[in-house]
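Respectively, the protein sequence lines represent chains C and S. Heads up: the first sequence begins at 0 in numbering that gives the first Met the number 0, then just goes up one per residue. Heads up: the second sequence begins at 0 in numbering that gives the first Met the number 0, then just goes up one per residue. Don't be surprised by glycine CBs; every beta carbon is placed ideally from N, CA and C. Please read these numbers as outputs of a predicted model, since none were measured by experiment. The structure appears below as structure tokens.
There are 2 protein chains.
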Amino acid sequence: MNIYDIAKEAGVSISTVSRVLNSKNRVNPETREKIQALFDKYNYTPNAIARGLVAKTMKTVAIFSVDVRVPHYAQTAYTIEREFSKRAYNVIVCNTGGELEETRRYARSIAQGHVDGVVLVGSVFNKLGMDDEVAAALRGMPVVIANGHLDMPNAYSILADDSLGVSLAVSHLVRRGHSPENIVYVKDLDTESAKIKRSGFLAALAELGVENARQRVFKVPYSLEGGRQAAQKILQVKPRPTAVVCGEDLTAVGVIKGVTGAGLLVPDDIAVTGYNNSEYSLICSPELTSVDNKGEMCALLCVQLLESRIDGSNSFSSMTINPELVVRGSS
Amino acid sequence: MNIYDIAKEAGVSISTVSRVLNSKNRVNPETREKIQALFDKYNYTPNAIARGLVAKTMKTVAIFSVDVRVPHYAQTAYTIEREFSKRAYNVIVCNTGGELEETRRYARSIAQGHVDGVVLVGSVFNKLGMDDEVAAALRGMPVVIANGHLDMPNAYSILADDSLGVSLAVSHLVRRGHSPENIVYVKDLDTESAKIKRSGFLAALAELGVENARQRVFKVPYSLEGGRQAAQKILQVKPRPTAVVCGEDLTAVGVIKGVTGAGLLVPDDIAVTGYNNSEYSLICSPELTSVDNKGEMCALLCVQLLESRIDGSNSFSSMTINPELVVRGSS
DNA sequence: CTGTTAGCGCTTTCAT
DNA sequence: ATGAAAGCGCTAACAG
Numbered sequence: 000m001n002i003y004d005i006a007k008e009a010g011v012s013i014s015t016v017s018r019v020l021n022s023k024n025r026v027n028p029e030t031r032e033k034i035q036a037l038f039d040k041y042n043y044t045p046n047a048i049a050r051g052l053v054a055k056t057m058k059t060v061a062i063f064s065v066d067v068r069v070p071h072y073a074q075t076a077y078t079i080e081r082e083f084s085k086r087a088y089n090v091i092v093c094n095t096g097g098e099l100e101e102t103r104r105y106a107r108s109i110a111q112g113h114v115d116g117v118v119l120v121g122s123v124f125n126k127l128g129m130d131d132e133v134a135a136a137l138r139g140m141p142v143v144i145a146n147g148h149l150d151m152p153n154a155y156s157i158l159a160d161d162s163l164g165v166s167l168a169v170s171h172l173v174r175r176g177h178s179p180e181n182i183v184y185v186k187d188l189d190t191e192s193a194k195i196k197r198s199g200f201l202a203a204l205a206e207l208g209v210e211n212a213r214q215r216v217f218k219v220p221y222s223l224e225g226g227r228q229a230a231q232k233i234l235q236v237k238p239r240p241t242a243v244v245c246g247e248d249l250t251a252v253g254v255i256k257g258v259t260g261a262g263l264l265v266p267d268d269i270a271v272t273g274y275n276n277s278e279y280s281l282i283c284s285p286e287l288t289s290v291d292n293k294g295e296m297c298a299l300l301c302v303q304l305l306e307s308r309i310d311g312s313n314s315f316s317s318m319t320i321n322p323e324l325v326v327r328g329s330s
Numbered sequence: 000m001n002i003y004d005i006a007k008e009a010g011v012s013i014s015t016v017s018r019v020l021n022s023k024n025r026v027n028p029e030t031r032e033k034i035q036a037l038f039d040k041y042n043y044t045p046n047a048i049a050r051g052l053v054a055k056t057m058k059t060v061a062i063f064s065v066d067v068r069v070p071h072y073a074q075t076a077y078t079i080e081r082e083f084s085k086r087a088y089n090v091i092v093c094n095t096g097g098e099l100e101e102t103r104r105y106a107r108s109i110a111q112g113h114v115d116g117v118v119l120v121g122s123v124f125n126k127l128g129m130d131d132e133v134a135a136a137l138r139g140m141p142v143v144i145a146n147g148h149l150d151m152p153n154a155y156s157i158l159a160d161d162s163l164g165v166s167l168a169v170s171h172l173v174r175r176g177h178s179p180e181n182i183v184y185v186k187d188l189d190t191e192s193a194k195i196k197r198s199g200f201l202a203a204l205a206e207l208g209v210e211n212a213r214q215r216v217f218k219v220p221y222s223l224e225g226g227r228q229a230a231q232k233i234l235q236v237k238p239r240p241t242a243v244v245c246g247e248d249l250t251a252v253g254v255i256k257g258v259t260g261a262g263l264l265v266p267d268d269i270a271v272t273g274y275n276n277s278e279y280s281l282i283c284s285p286e287l288t289s290v291d292n293k294g295e296m297c298a299l300l301c302v303q304l305l306e307s308r309i310d311g312s313n314s315f316s317s318m319t320i321n322p323e324l325v326v327r328g329s330s
């Protein structure tokens, strides 16, 4: 069933049918009703592809995320999808796994003109502008990156101040009586954001008079197991650290498990803080003090920014959100 | 840059350009190279919308999920996306929030001819066939439902035997020395699958000689807090139950927290089991014994089934997966 | 091997 | 208020 079939049965031309479909120009009320009746009778829905070909847009955006199974990314993807859905956009999701070749495949795919814009979730995508193929594919549409920076003229960012976020955790611990010399940091991911967090830690300690705290940073894989490994290493440090600041909630949970497993108490013997304020922080025991980097707000702003760039209304190019600390039982 | 521009500059007709694009029919090697060179020069990519209009497919599928932030759904959505991506499909995700009106909106949207098929994640969608609007919208394409049943001629299912799943947990507990009379069940969600789990519990107890165990089922909201509430109720039962079987991991974690908070030990005083074998089961303490309902396998089969229905190759209409129990520290 | 021509289903001038 | 016709960018017969 298409516009021709309807037109024929109604005894009018396709333009008239199109008019009632788009209810822009005025149509004789009688003919309009006759056509409406046929729409109902056949349960007619205009074809989005044909419309898209004329409109040069399918009203769809893509989300690039490393892995939506990671709660923080799931949260972000969810918010972006819901918001764009409200605005009548379809949302395609692309789990790149952090791999360049996959990212290229997705980029090539969305470069085919049916996607109006893309939001990149996470600073993992920072270097994407450097890859000629990806850059070429993404050149044609606005792209906004959540918590990262992309060196392309059509790229815009919503950033979280992760350096501030970590310093929040540090100063909280100090306020709780921990001596700056007894605080260590666990770095897990290898993203730009992770580097910024680490620097934030070093800067916060420097501010408190602890220079050269680099050896107080422990690098482990991003996983529960990684957190456990960190705990092992930390427990061997003399004198024993009294507080552990982690770059991610998942790792922090691992640290708690490692520390607890070794017979120590959290937070009495060792305090632990996480990052992202994800669900993990409520699931684990004790509940995790965590930096809330405002993931939902960030996603919301990404949508707002991307939408305005898509429909050409002017807007900002970049903005930074300040995180806050949520204190719970682990510190 | 389109096929006409390329054709003009190459001094050939658009059909020739189209031919090298699709490399089906043979083309003179020289002209082919000349055209290829132009593709590279202009970084030309054929327009997917135009292609779609001819092919009557955009090679995209939709995933309906209540909320991808729920780990089990995120896992499923992830697997489905990855698999379809491998098969060169775009994947649109729709977070319905479990609300009929939203579901209708999404259904109406994908009924516009640009979506080739849909997978419904979860038995929450069981009743969808009853809604005329949704049914009408979905009539035009194959739909497969993960762990549910849909009464439409174009609907196919991959099911997990949730009744078996719960009975696995029960018999494990009995084997561990718990008397059937001391085992209770926590029901959280209101889906068909949740009902089946509950029946599975009652059936398993009946098999063990405990009739009329209905009052041993506690209904609470699906949340950590719900689990805590369940724990409160359960602790008031005399004699005190020694084991709690839960319908979801999240609720099980809440039960553990509630029980632990009341000063009891898990599993020594009370054993707890969850369902889904989600990440939650590893995050909480003690780690959670949980029914692995093979979410990934289910997603994989959904993709396989939907794909075969889309391209008309024949296939099965329905199949059931058997869950397994993963025993951990909580029981 | 290559060009011409007709669609795909719709929107949008331009007439009437 | 309505119709005719062009065109969106591509594929697919059908002729040469």
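key: Exposure of D150 of chain S, with buried meaning 16 or more beta-carbon neighbours within 10 Å   = D150 of chain S is classed as exposed because its beta carbon has fewer than 16 other beta carbons within 10 Å across all chains shown.
query = By Cβ distance, which residues of its chain are closer than 6 Å to G128 of chain S, with the 5 residues on each side in sequence left out?
reply = A134, L149, D150, M151
Secondary structure of V173 of chain S, DSSP reduced to three states = helix
Cβ-based neighbour list, L163 of chain C, same chain, cut-off 8 Å, excluding 5 preceding and 5 following = G199, N321, P322
Spatial neighbours of P179 of chain S in its chain, beta-carbon cut-off 8 Å, leaving aside the 5 residues before and after = V169, V173, L204, L207, G208, V209
ask   = Enumerated in chain order, which unbroken segments of the alpha helix (DSSP H) with a length of 4 residues or greater are wholly contained in the segment 92-124 of chain S?
value = 99-109
request  = Return the CA-CA distance between K232 of chain C and V258 of chain C, expressed in angstroms with no decimal places.
outcome  = 10 Å
query = Counting along the chain, where does the alpha helix (DSSP H) carrying M296 of chain C start and finish?
reply = 294-309
task = Quick one: list the residues of chain C neighbouring T319 of chain S, beta-carbon separation under 9 Å, in chain order.
result = Ordered by position in chain C, no residue passes the 9 Å Cβ test against T319 of chain S, which lies about 25 Å from the chain.
ask   = Beta-carbon separation of T75 of chain C and V120 of chain C under 9 Å?
value = Pairing T75 of chain C with V120 of chain C gives a Cβ-Cβ distance under 9 Å.
query = Hey, out of S:V165, S:S108, S:S17, whose CA is closest to D248 of chain S's CA?
reply = S:V165
task = Note down, in chain order, all residues in the segment 32-48 of chain S with a beta-carbon under 8 Å from any beta-carbon belonging to chain C.
result = So the list reads N42, T44, P45, N46, A47, I48, given in the order they occur along the chain.
inquiry  = Please list, in chain order, the residues of the segment 96-111 of chain C that have any C-beta partner in chain S closer than 9 Å.
reply    = G96, E101, R104, Y105, R107, S108, I109, A110, Q111
7 Å Cβ cut-off: residues of chain S touching L281 of chain C = L223
key: Below-9 Å beta-carbon distance, G51 of chain S vs any chain C residue   = yes
ask   = chain S partners of K256 of chain C, CB-CB under 8 Å?
value = S284
message = Going by beta-carbon coordinates alone, are V142 of chain C and I62 of chain C separated by less than 9 Å?
response = no
inquiry  = Can you check which of these residues, S:T190, S:S156, S:V236, S:A54, is closest to I182 of chain S by C-alpha distance?
reply    = S:V236
key: 9 Å Cβ cutoff met for D187 of chain S and G226 of chain S   = Contact flag set, yes.
key: 9 Å Cβ cutoff, S84 of chain C in contact with chain S   = yes
inquiry  = So for F217 of chain C, helix, strand or coil by DSSP?
reply    = strand
Contacting residues, own chain, Cβ-Cβ under 6 Å from V271 of chain C (five flanking each side not counted) = V243, A251, V254, I255, V265, S329
key: Counted within 10 angstroms of its Cβ, other Cβ atoms place T15 of chain C as buried (16 or more) or exposed   = buried
inquiry  = Under 8 Å, with one C-beta from each stretch per pair, do the segment 80-92 of chain C and the segment 17-32 of chain S reach the 3-pair mark?
reply    = no
ask   = Where does V65 of chain S land, buried or exposed, given buried means 16+ other C-beta within 10 angstroms?
value = V65 of chain S comes out buried.
message = Counting beta carbon pairs with one atom in the segment 87-95 of chain C and one in the segment 89-98 of chain S, are three or more of them shorter than 8 Å?
response = yes
key: Buried/exposed call for Q214 of chain C, threshold 16 Cβ in 10 Å   = The Cβ neighbour count for Q214 of chain C, taken over all protein chains shown within 10 Å, is under 16; the residue is labelled exposed.
request  = List the residues of chain C that E306 of chain S touches, going by C-beta distances under 7 Å, in chain order.
outcome  = Neighbours of E306 of chain S on chain C: none; closest Cβ ~17 Å, over 7 Å.
ask   = Per DSSP, what kind of secondary structure is Y43 of chain C in: helix, strand or coil?
value = coil
ask   = Which residues in the same chain have their Cβ closer than 7 Å to the Cβ of I195 of chain S, if we skip the five residues on either side of it in sequence?
value = D161, S162
request  = Figure out for me which residue from S:D4, S:L263, S:P285 has the closest Cα to the Cα of G260 of chain C.
outcome  = Of the candidates S:D4, S:L263, S:P285, the one whose C-alpha sits nearest the C-alpha of G260 of chain C is S:P285.
query = Along chain S, in chain order, which residues have C-beta atoms closer than 7 Å to that of Q74 of chain C?
reply = R68
message = Relative to the C-alpha of N146 of chain S, which candidate in S:C297, S:K33, S:I309, S:Q303 has its C-alpha closest?
response = S:C297
inquiry  = Less than 9 Å between CB atoms is the rule here; does K230 of chain S satisfy it with respect to chain C?
reply    = Before going further, note that residue 230 of chain S is Ala rather than Lys in the sequence given. So no, A230 of chain S is outside the interface.
ask   = Residues in its own chain within less than 6 Å of V326 of chain S by CB, not counting five upstream and five downstream?
value = T288
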